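Top to bottom, those sequences are chains A and B.
Using our numbering, the first residue of the first sequence is number 1, and each one after it goes up by one.
Using our numbering, the first residue of the second sequence is number 503, and each one after it goes up by one.
Built from N, CA and C at the ideal position, the CB exists for glycine as well.
The model shown is predicted, which means the values in this text are computed figures rather than measured ones.
Heads up: the structure comes next, in C-alpha cells.
Protein chains: 2
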Amino acid sequence: MSDRILNASFRSKIMSADEAAALISSGAAIGSSGFTPAGAPKAVPVALAKRAAAAREAGEDFKVGVWTGASTGPSVDGAIAGAGAMSFRMPYQGDTNCRKGINSGEIDYVDMHLSHAAPFAAAGFLGKLDYAIIEIVGVTEDGRLIPSTSVGNNATWIDLADKVILEVNEFQTTDLEGMHDIYRPAMPPHRLPIPIVKPSDRIGEPCFRVDPKKVVAVVNTNASDICAPFTPADQTSQTIANNILEFLTHEVKKGRLPQNLLPLQSGVGNVANAVMAGLQHGAFEHLTAYTEVLQDGTLDLLLSGKLDCASTTSLTFSPEAQAKFLANSKALKSKIILRPQELSNNPELIRRMGLITMNALIEADIYGNVNSTHIQQGTAMMNGIGGSGDFARNAYISMFMTPSTAKGGAISCIMPMVTHVDHTEHDVHVLVTEQGLADLRGLSPKKRAKLIIENCAHPKFRPALQEYYDRALRLSPGKHTPHLLEEVYSFMPRWFAEHGEK
Amino acid sequence: MSDRILNASFRSKIMSADEAAALISSGAAIGSSGFTPAGAPKAVPVALAKRAAAAREAGEDFKVGVWTGASTGPSVDGAIAGAGAMSFRMPYQGDTNCRKGINSGEIDYVDMHLSHAAPFAAAGFLGKLDYAIIEIVGVTEDGRLIPSTSVGNNATWIDLADKVILEVNEFQTTDLEGMHDIYRPAMPPHRLPIPIVKPSDRIGEPCFRVDPKKVVAVVNTNASDICAPFTPADQTSQTIANNILEFLTHEVKKGRLPQNLLPLQSGVGNVANAVMAGLQHGAFEHLTAYTEVLQDGTLDLLLSGKLDCASTTSLTFSPEAQAKFLANSKALKSKIILRPQELSNNPELIRRMGLITMNALIEADIYGNVNSTHIQQGTAMMNGIGGSGDFARNAYISMFMTPSTAKGGAISCIMPMVTHVDHTEHDVHVLVTEQGLADLRGLSPKKRAKLIIENCAHPKFRPALQEYYDRALRLSPGKHTPHLLEEVYSFMPRWFAEHGEK
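Here it is, written out as C-alpha cells:
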C-alpha cells in the first residue's frame, strides 16, 4: 500500500486510524479535508468518534471543533456529531447528525461565505488550529502531497495547524495528480492580484507543501467518496432548466451575452444537472465552467465536447459518474482544474470573469429576498449559505431557482417576506420556478413583486400573494417596499385557514 | 470664462443652461455626475426642472430617469424630483424631495450596491442612456475633460450616453487637475486584473476622454458644491469612536492588525469624523484610506501627517473644510486620488488590500443582521445601501456602528429582528454603539445575541431584549436562530405598552 508514499520520512509515520485518533485530545480544533463528501477523510474521524463515545461511556467529556471546506458526509460530520463529540463547526455542513446537534443547540455553528473561511482563519479570528486531517492521493519523493477529489481549505489547514495527520486513500486514482492548481493568496497588506483571467488558467503548483516535522501520522485507507447516487431530473426540475436555457438564448440574441455565454456556476442538485444536460443538446459551443462543485451533469457536458474547461474545488460524482470519470481520467486532465475554495469562490475572479450563476433556495419573497439556509420559521439551520453569496453578489447574471412549492404542494416557496435573509434584493437578478422566470434587473421593489407573483408563484398561491400585496400597497406607511408587518409571518397559516387546507 | 475651455470645438458649443435643458426630451434617461453633492451639475438639471414645471402647467407630462454616482443634493434630485419630473432613479439618493417621491410610490427607485452601477449599466441591463450631464473643471487643448470634485460613474455615463452635456464649473479649483485616476475595467470576458495593490497606486489617466461629436452643449457655471456644514461630534458619537479606536489598538496588540493598521474606509457622518479625529491624536502612523467619500475628518488627518494617502471617489467637504482644501490643494495633490466608484468600491480591491470598514446603520438585530435603508416598519426608503455592501462583504474587519437608541431615546436601534435586511449576519464582524462593542467574529448566532444584548443595547431596552431572547430560546422550534415570528415585529410596541412609554 505504501507505494503511494514515496518519501521515507512519511513512510515512517504510518499507523492505524485508532493510533492517529489517540493523538488528538478533547477540546482540539481540527481542520478536516472535504468539500462535499469528496476528499473527506474516511478513517481517522471515525476512529476519533469511537474514542469520544468510549470517553463518554467512561464519564468523560470529549468534544472537538471541526473546520472543513464545506459538507463532509458520514465519515466526518456523521461520525463525530453522531457521537455527540462536536462542540463547534464551520463553515458549512449538510449532515443529519450535525444538523440535529446544531438545531438542538448543542453545536455552535458558524455559517460562512465559503470564500471567507480560509482568510478568516488565517487572520487568527477563529483562534488556534490544533490538527489538520487531510485525505491525499499520495506523497511524492520530495515530500509533497498529491491532493484528492477536493481541495477546499486543505492548503490553509495544513499551513495553520500545529500537527498534520494524512490519510493516503488508495481508492482515489493517481490520475488526479496534475489536475490541481494550488495557490494561497498572501494576507493583506501583501496580497497581489490573482492572475486568473479565464477558467483554464493555472497559476500555482499541483501539490500541497507541508513542513514534514508537523506530520504526526500517516494512515492508509481505501474507500470511495460517499456521494449520493444520481437521480434523473423530474418534470419540475426539467421545466426550471428549460426556463433558464430559454433565458440564456434570449440574452445572447439581445447581445447581452456572448455566443459561448460566460463561465457557468451552478449549485448542487437536480436543476443544475438538468441545465447542464440541456446545454449538452443545445446550440452553445466552447462553454466554460467556474464553480465550486463539479457534478454528473457537468462531467457529461465535458465529455460531450460542449464544455471546454471546468474549474472547481470538488469532484462530487455519483457512483455512476465516478466510474465514467475513472474511465476518462487521462483525457479529462487537461479539462478539469481543482483549486482551493478561496479561489473557486473568489469575488475578484467571479466578478472579473463575469459568471452566470445558478443557485437553489429554500424560500424567496415577493421583493426578491432569498432564504437559503433556515427552515422551521427561520429558526433551524438546513445546511448553510455555502458559496451562494460569493457567486450571487459578484455574478454577471445572478439566478436563483426553486420549485414554486414545497412539501408536496402544501407550502409556497414564494412568500410575502422570507423568514431569514441570506441574499438581499440587491443580489438576485433573475428568479426562476417551473411556473416561469422573473427578470428583476433594474426594477424597483413594486415592479419586482408584480413579476414574481405573476411569473414565479404557483397559481394556487398567486391570489393570496396578490391580495396581500394589494392590501399592503394600500395600507403600508411607505410605498417603496409595501408590507404589513403585523401579519406578514401569519400570511400562510391565515391563507390556509381561509381556504381550508393545512 | 471660457479660459477653462481650451479646445475650440468645445467652445463653439457654449450655451445657457436653459438652452441645454431644451435639448432633453421627456422620457429620456439621464446620467448625471455627482457622488454626494460634490461634483453634481449645478445648472442644467435646475433648468430641466423649470422646463418640466412649465410643461406640467401646460398640461403635458415631462419626466426623466436619473442615473448618478450616488446622492446629488438640491441641484439635481431636489430640483427634478421637486418638479415632479422624475420617473426613475438609481443607484442611490439622499434628498427630501426624491425620498418623498419614492415613498409615495411615484418614483421607481433601484437601490444598488454602488460598485455594481457602472458595469450593470454597461451590460445593457438598464436600457439606453440618452444624455450625460457632467460637471467638469475644464477642457484641455486636445479635448479631454478635467474631472471635478467627484468621479462617480462619470466615465461610464460619458461612454454610454448618446449625447453629452458638460458643465464647466469655474468655482472648482484647477488644482484638481492631476488628482484623478480614471480607469474603466473592460467588460467580461475581456476584463483583466485591476493592478492596484495599495491606496496610492495610480493606474489610469487624469482626464475623461469623450467623442467630441457626442458633446451637444457646454454650459458655464460658477457655484460651490452644496455640502452640509460640519457639526462637531456629540458625546454619543465620540464614545462610539473611542470604542472603535480601543478595539483597533487591541487588535494591533494581539497581532491581528499591522502597526499602521490596514486601509480605512468610513461611511459618512459624525462617528466617522470622530474616529478620524481620534486617529489624529492617537499612536498610529502612516495610515492609509481607501474609501468612497472623503470628509472633514479625513482631510484633517491628511493635513496632520498621520494619513499618508487617501483614495476616494468624492471630496465631500463642509464649507470650512472646502476652504482648508483650497488653501492646501497643491500639497494635497500627491496625497489624494479620486477614482471611478467602480474602483473605489471594487470587491477585488477591497478584499485584496484588506480594508477596515466602518459603516452606519438604521437598526441591527440581536443576531447581527443590519438594516441600512428602510424606515417606517421596513416600508419606506431612507437613502439607500450605497457602498456599505461593497465594503462590508469584502472587508478584513467589517464594523457597523450606531447610537443604541433613536428618536431621543424612544426607540432601540437593537431589535429582535430587523424590518429589512441589507447586510446579513455573515457580513457583520463587529457591532459598536456608545454602550460598547460586540466582537462577533467566529460566533454562532446565540453567542452573538448574548454579546449584542449585553454590550450594545441601551440598558433601558436590555431587559426586554433579553426576555424575548430567553423566551425564544425556550419556545423556538429550532435552537440555532431562536425566534418567535408571531410576535417578533410587535416586540417594541408590546414593550412600550407594558412599560407605559411611547
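Assigned exposure category for residue i - 16 Cβ within 10 Å defines buried
i: Ala556 (chain B); result: exposed
i: Met917 (chain B); result: buried
i: Ile682 (chain B); result: Note that residue 682 (chain B) corresponds to His in the displayed sequence, not to Ile. Classification of His682 (chain B): buried, given that the 10 Å Cβ count is 16 or more.
i: Pro232 (chain A); result: exposed
i: Glu320 (chain A); result: exposed
i: Lys1004 (chain B); result: Note that Lys1004 (chain B) has pLDDT 36, beneath the 50 cutoff, so the model's placement of it is unreliable and the number below is only indicative. Result: exposed.
i: Ile362 (chain A); result: buried
i: Arg457 (chain B); result: This structure does not reach residue 457 (chain B), given that chain B is present from 503 up to 1004, and the question cannot be answered.
i: Pro45 (chain A); result: buried
i: Gln1016 (chain B); result: Outside the displayed span of chain B (503 to 1004) sits residue 1016 (chain B), for which this structure offers no information.
i: Thr598 (chain B); result: exposed
i: Asn655 (chain B); result: buried
i: Ile203 (chain A); result: exposed
i: Lys63 (chain A); result: buried
i: Asn61 (chain A); result: Inspection of the sequence shows that residue 61 (chain A) is occupied by Asp rather than by Asn. Per the 10 Å Cβ criterion, exposed.
i: Asp661 (chain B); result: buried
i: Asp579 (chain B); result: buried
i: Asn222 (chain A); result: exposed
i: Gln737 (chain B); result: exposed
Backbone secondary structure at residue i - three-state DSSP
i: Gln435 (chain A); result: coil
i: Val139 (chain A); result: strand
i: Asn328 (chain A); result: coil
i: Lys1004 (chain B); result: Reliability fails at Lys1004 (chain B), whose pLDDT of 36 lies under 50, so the model's placement of it is uncertain and the value that follows must be treated cautiously. Here Lys1004 (chain B) sits in coil by DSSP.
i: Tyr991 (chain B); result: coil
i: His116 (chain A); result: helix
i: Ile526 (chain B); result: coil
i: Ser224 (chain A); result: coil
i: Tyr131 (chain A); result: strand
i: Ala624 (chain B); result: helix
i: Ile742 (chain B); result: helix
i: Lys665 (chain B); result: strand
i: Ala323 (chain A); result: helix
i: Met503 (chain B); result: With a pLDDT of 49 at Met503 (chain B), under the threshold of 50, the modelled position of this residue cannot be trusted; read the value that follows with caution. Correct three-state label for Met503 (chain B): coil.
i: Ile488 (chain B); result: As displayed, chain B neither begins before 503 nor continues past 1004, which places residue 488 (chain B) out of reach and without an answer.
i: Ile516 (chain B); result: strand
i: Pro195 (chain A); result: coil
i: Ala186 (chain A); result: coil
i: Pro445 (chain A); result: helix
i: Lys835 (chain B); result: coil
Whole-number beta carbon distance between residue j and residue i, since they are thought to touch under 8 Å
i: Tyr290 (chain A); j: Leu338 (chain A); result: Tyr290 (chain A) to Leu338 (chain A), Cβ: 12 Å. No contact.
i: Ala620 (chain B); j: Gln843 (chain B); result: 7 Å
i: Val670 (chain B); j: Ala545 (chain B); result: Rounded, the Cβ-Cβ distance is 10 Å, inconsistent with contact.
i: Leu245 (chain A); j: Gly278 (chain A); result: 5 Å
i: Ser946 (chain B); j: Val110 (chain A); result: 6 Å
i: Gly368 (chain A); j: Leu473 (chain A); result: That pair is no contact at about 16 Å.
i: Thr313 (chain A); j: Gly69 (chain A); result: 7 Å
i: Ala49 (chain A); j: Ala79 (chain A); result: 4 Å
i: Gln782 (chain B); j: Ser813 (chain B); result: The pair is not a contact, with the Cβ atoms about 19 Å apart (cut-off 8 Å).
i: His928 (chain B); j: His113 (chain A); result: 6 Å
Bridge partner(s) assigned by DSSP for residue i
i: Phe208 (chain A); result: A:Leu145
i: Ala364 (chain A); result: A:Val370 and A:Ile414
i: Ile660 (chain B); result: Ile660 (chain B) is not bridged to any residue.
i: Thr174 (chain A); result: Answer is none; Thr174 (chain A) lacks a bridge partner.
i: His682 (chain B); result: B:Leu840
i: Leu817 (chain B); result: B:Leu796
i: Ser150 (chain A); result: A:Ser314
i: Ala217 (chain A); result: A:Ile165
Cutoff 7 Å: residue i Cβ touching any chain C Cβ
i: Asp736 (chain B); result: Of the protein chains in this structure, namely A and B, none is chain C.
Legend entry - Ranges of the beta strand (DSSP E) found wholly within the stretch 528–611 of chain B, counting only runs of at least 3: Counting only runs of 3 or more, we get 531–534, 566–569 and 588–592.
Inset, instruction - Any chance you could list the beta strand (DSSP E) runs of at least 3 consecutive residues sitting entirely within the stretch 870–932 of chain B, in chain order? - result: List check, beta strand (DSSP E) in window: 899–903.
Inset, instruction - Taking only runs that begin and end inside the stretch 243–312 of chain A, name each unbroken alpha helix (DSSP H) of 4 or more residues, in chain order. - result: Runs of the alpha helix (DSSP H) lying entirely within the stretch 243–312 of chain A and spanning at least 4 residues, in chain order: 270–280 and 296–304.
Legend entry - Uninterrupted alpha helix (DSSP H) stretches inside the stretch 954–988 of chain B (no shorter than 4 residues): Taking only runs of at least 4 residues, the alpha helix (DSSP H) segments lying wholly in the stretch 954–988 of chain B are 964–977.
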